[in-house]
Every structure is written in structure tokens, then in C-alpha cells.
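Once you know that position 316 of the sequence shown is 398 in this note's numbering, the rest is easy, because the numbers rise by one and skip nothing. Note that the Cβ used here is the ideal one computed from N, Cα and C, for glycine as well.
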Amino acid sequence: MIGQFLKLEWKSFTRSSMFNYNMAVKIILGIIAAFYLMVFLMMGFLAYYGMEEEGYEPLITVNQYIIFWWLSDLVFRYFLQKMPVMKVKPLLTQPITRKTIIHYLLTKSIVSFFNIYSLFFFLPFAITLIIEGYSWIGVLGWYLAMRGLVYLNNFLNIAINNKNKVFIFVAIVLGILALLQYYNFFDITAWTTPIFQAFYDYPWLCIFILGIAYYLYKYNYSYYLRSLYLDDEVQVHSAIEDQREFSWLDRFGLVGALLKNDIRMILRNKRPKLTALSSFLFIGYGLFFLNEPSEAFLVMIALIVSGGFLFNFGNYVPSWDSSYYPLLMSQSVHYKQYLFSKWILMVLGTVISMVIAIFYAFLNQKLYLLILALGVFNIGFNSYITLLSGAYTKVYIDLSAGLKMFGEKQAFNVTNLILIIPKLVFPIIIYIIFRFVYDENAAFIALAVIGLIGIVLFKPAFYILEKVYKEEKYDAIQAFKQK
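Okay, here's the thing in C-alpha cells:
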């Protein structure tokens, strides 16, 4: 049966209308992956001797930093690793038992770059330890524990993938621990290093890690066995719809209806939900650079803090609606109303970011003033540039999928690369000019004034945007058919 599943996936890949393009992309990504795997392989063989030469005990030193690798690996998996269960729906209509489907999908998740890359470091490092006289039984127990952590993360990620409250809680806890570690208030390695060292000193302890990974496998199996039905998703969405009417938006007419549709899309689907969540996580980015001496870099930080949602969401307009874009364009919806609803959502995201970032006022007043000034600049200038770049980002987006490791392949084009320059470079140039000609207060005012002028001139700006979107309309519809 596994062979049949693999044959079906191969046919799906080779019969795709974009087979040649997808094959070229996979070859390129394969070359990139091979390069990084070779880097990890070299690190695995050379790390021991490099640390020994610097006077460090190799195994203890590696154990000291494993906690950071393990936690960051889980975070990256949540955002980037694609869930195998996304391709299960066509199989549910076939005479195949759900148990077989679930076992195949969970087993398939093990064959992932996220589960392979660490092997290229830990295996050669373990071999080097044995060659240098470490107990082979201890090294074997330690190595099995490291592999167990990899599979634990794999199945833990599947378990929490659709439970955003759990992820938000974990993200907040990890963020607090990272800040405490960064500012030397707390050293988590003092607690975790002995734990990871224990897997070498007491090799049998690896059974606990492997046991937890196996338990998570069984948990995911039981969960999907209970919920893997074609109508399950429909029932869940119906319950959510009853609770999220957003009737207060009806007073704004068609714009309100479009805005309501976007909010529901973000709340109900994984891809836009992750995009919104990751955007607001950027608000805490500046905490790691409070004492950054470079003013140009501070401008970049403030730009990211205030405009994370604007850039991430706006750059994929109208791709967010790619699943039903032809239907939407056949309705009596004017582009001006459509774009205005997207702009309102981007403005709301920017304002919310500016409000949440108010804690910077107590940590670095200059940085918060920059955040406010660039927030206005983003609303009045960068929002239009971002919507303009979205017109040329003709890529189908699977709303139920996660974020992609290298972004959307079709999103990279010359026009978008050119439009990045004014979004990122222009505010830095304005700040530097006014900062050195006058002072930093003049720079803050200049950025805010440009943003206010842009807000006042939104009618001619939307006229230009509407014209561009109309010109790209049919190219976009055609591109969205290439899934």
C-alpha cells in the first residue's frame, strides 16, 4: 500500500501543469540543501578538534548549547514544516482504511529535511567522540537521545500545529527566557547542560526521550483517527462562523463585507493566521537591539516593528484571494473598494503594532519615537508601495498550508525587487539627511509628515493602484490557476 501511495504522489507531481518549473525548483533547492548538509557534516567532524584546541571540553560544550538548537528547531518547524495530512482528503473517498492512511502520513513526516539535517552533525560528532576514547555505550545513548529529540519535535509540531493558543503560550515563554538569557538575568544552560550530559553518563536514559517521541506518535495517530472525516472540517467551520459574525462591519457596506471576509480568512486558515502571528512577533524584535549604536539600523528595526503585518500581508494582495479570485472578479466589486478594504486592514495592523510597542517608550524613548514616526510613514507611503508590489506577486496560496521555507517561488521577480528599495532604503535616507542637517527630532517629524501627506493623497494613489491592478487582472487570474 505504501508503494501505491508513493506512486500516486509521483503521478500527481509529474502530471502537474507546472512539472518542468517544479522540477527545476526542486533541483535548485536540492543543491542548496546538499550544500548545507555538507556544511553540517564538516562541522560534525571538525567541531571536536576546534573546541579542544580552544581549551573546551567538546561534549560538555555541545550539551551546553543543545537547548537553543532544540527550541529553535521546534519554532522553525511550526512555521516552515509542511504537514503531510494536507494531502489526505482525496484518499478518504477511496476504499482505504483510515488507519493505513494515518500511519503512512505520520511515517512520511519523518522523511523531512528538518529530521535529516541534524543527523549530518550528530553522527560524525558521535563517531569522533568514540575515536577519541569516549565510551561507545555512553556516546550511543547520547546519540539516540539526540535523534529522539528530533522525532519528538517532529510529532510535537504535528500535535500543536492547529492549536495556536498553545503555540502563543510557548512563544511568549520562549521569548521571555530568550530576553532573560540575552541580558544575563538567567542562564538556562546551567540547568539544561547536566540533563543532556546525563544521556552520556547514563545511556539508558535515552529510552525516556524515545518513549516520549513514540507517545506523541500514538497521540497524533489517535487524534487523526477520531477526527479524520471529510465533513469534520465543515462542522468545525460552521461552529466558528456562528460565533464570528462581525456584524458591526455591515455598516460600512461592501468595504465592510470585504474586510469581514479577510478577518475570517485570517482566523480560520493556517497560512494567513501564521502570517499575522509571525508579523506581530516582530514587535519584540527590537528588544535585542535596544543599545544598537547605528542609527540606520535603528530605523530598520523601527520599520520592521511597526510594519511587520503591513509588509507580510500586503505583499500578497491579491494572492490571499487566489482560491476564489476569478469568482470575486465576476462580481460587482470595484477594484478601488477591494484595495481600500485591504489597505484598511493593513492600517489596522500597523496601528495595533504601534500600540503594542508602547513598552519601548520605557526602554528606549528614541526607538519608540522612531516606531511612531515610521508607523505613520508606513501607512501613508509604504502601504501603497506594498499594494503595488502585490499586483506583481501572482502566486497561488494554499490557505491551509504553513509558511514556506524560501517563501513563494513565483513571488521573486524584477519588479518586486525594485519596489523593495523605496520601502526599506527611502526612510533610512530621509532620516539620515534630516538627522545630520538638523537633528533627530526633525528626522522624526520629516518621516511622519511624509506619511501624513501620503494619507491626504490617498485618492490619486488609489487611482494609480486601481489602474495597475486592472492591467494585471487577467494575468493574475491565469497565474492563480497554476497551483
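- Across the set 397, 422 and 367, the C-alpha of 397 shows the shortest separation from the C-alpha of residue 472.
- Between the C-alpha atoms of residue 390 and residue 138 there is a straight-line separation of about 40 Å.
- The beta-carbon separation of residue 456 and residue 525, rounded to 11 Å, does not stay under the 8 Å limit for a contact.
- Taken in chain order, the complete alpha helix (DSSP H) segments of 4 or more residues contained in the segment 502 to 539 are 522 to 538.
- Residue 394 holds the alpha-carbon nearest to the alpha-carbon of residue 355 among 394, 144, 549 and 429.
- Pairing residue 463 with residue 533 gives a Cβ-Cβ distance under 8 Å.
- Cβ neighbours of residue 440 within its own chain (closer than 8 Å, five residues either side excluded): 450.
- Annotation for residue 346: the continuous alpha helix (DSSP H) segment containing it runs 335 to 350.
- Under a 10 Å Cβ-count criterion, residue 528 is classified as buried, with 16 or more other Cβ atoms of the shown protein chains found around its own Cβ.
- Spanning the alpha carbons of residue 559 and residue 474 requires a straight line of approximately 12 Å.
- Residue environment for residue 177: exposed (fewer than 16 other C-beta atoms within 10 angstroms of its C-beta).
- Of the candidates 96, 204 and 149, the residue whose Cα lies closest to the Cα of residue 128 is 204.
- Put simply, the segment 201 to 218 does not touch the segment 255 to 273. Fewer than three CB pairs are less than 8 Å apart.
- For residue 185, the secondary structure class from DSSP, reduced to helix, strand or coil, is helix.
- Within the same chain, 288 and 292 come within 7 Å of residue 226 by CB-CB distance, once the 5 residues on both sides are set aside.
- Here the segment 183 to 202 lies against the segment 226 to 241, with 3 or more beta-carbon pairs under 8 Å apart.
- Only exposed fits residue 308, as fewer than 16 other CB atoms lie within 10 angstroms of its CB.
- For residue 153, the three-state secondary structure derived from DSSP is helix.
- About 5 Å separates the CB atoms of residue 348 and residue 358; that is less than 8 Å, so the two are in contact.
- Within the segment 419 to 467, complete alpha helix (DSSP H) segments of at least 4 residues are found at 442 to 445 and 447 to 459, given in chain order.
- Taking C-beta atoms under 8 Å as the contact rule, residue 410 and residue 548 fail to qualify, at a distance of about 15 Å.
- Short of 6 Å from the beta carbon of residue 276, and not among the five residues preceding or following it, lies no beta carbon of its own chain.
- Selection 442, 478 and 438 evaluated against residue 403 yields 478 as nearest (Cα-Cα).
- Counted as a single uninterrupted DSSP element, the alpha helix (DSSP H) harbouring residue 275 occupies residues 271 to 283.
- Ranking 543, 447, 407 and 512 by CA distance to the CA of residue 465 puts 543 first.
- The beta-carbon distance between residue 458 and residue 530, rounded to whole angstroms, is 5 Å. This is short enough to meet the 8 Å contact definition.
- Only buried fits residue 399, as 16 or more other CB atoms lie within 10 angstroms of its CB.
- One alpha carbon belongs to residue 215, the other to residue 192, and they sit about 32 Å apart.
- For residue 224, the uninterrupted alpha helix (DSSP H) run begins and ends at 218 to 242, by DSSP.
- Residue 539 has its alpha-carbon roughly 22 Å from the corresponding atom of residue 553.
- Going by beta carbons, residue 468 and residue 418 fall outside the 8 Å limit.
- In the three-state reduction of the DSSP assignment, residue 408 falls in the helix class.
- The Cβ atoms of residue 405 and residue 481 sit closer than 8 Å to each other.
- The residues 524, 525 and 528, in chain order, have a CB closer than 7 Å to that of residue 516 in the same chain once the five nearest residues on each side in sequence are set aside.
- Spatial neighbours of residue 285 in its own chain (CB-CB distance under 6 Å, excluding positions within 5 residues in sequence) are listed in chain order as 219, 220 and 223.
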